[in-house]
Amino acid sequence: MPKSPEPDKQSSKVTERINATALELLEKHPEGLRWSELTSMIMESNPTFHPKTVNGCIWKLINRYSDRVYKPSKGLFKLLKYK
944 MPKSPEPDKQ
954 SSKVTERINA
964 TALELLEKHP
974 EGLRWSELTS
984 MIMESNPTFH
994 PKTVNGCIWK
1004 LINRYSDRVY
1014 KPSKGLFKLL
1024 KYK
């Protein structure tokens, strides 16, 4: 499986910045984060992010970064390297 591109927190694209923030937060929490925790932490990191855009990015996280992120149970996101 090809490796997904690394998102950039300095990108002009809002979704790329949200994805970069989500992956960074998951890196800091090897035990994983629940949907609500991840949403709150992303919104705290940058209050200018629109909540629906954040929700959409988290919803697509598994598909876009399937080589890095998985859901061991409903609503829980973890990095594959911590599986």
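Numbering-wise, the sequence shown is residues 944 to 1026 according to my numbering.
Cβ atoms here follow ideal geometry from the backbone N, Cα and C, with glycine treated the same way.
Model, not experiment: these values are computed from the prediction.
- In the DSSP assignment, Tyr1013 is bridged to Lys1021.
- The criterion of a C-beta distance shorter than 8 Å is not satisfied by Leu1019 and Val1012.
- Of the other Cβ atoms in all chains shown, 16 or more fall within 10 Å of the Cβ of Lys1021; this residue is therefore buried.
- Excluding the 5 residues flanking it on each side, Lys946 has same chain C-beta neighbours closer than 6 Å at Asp1010, in chain order.
- If you draw a 10 Å sphere on the C-beta of Pro950, you find 16 or more other C-beta atoms in it, and that means buried.
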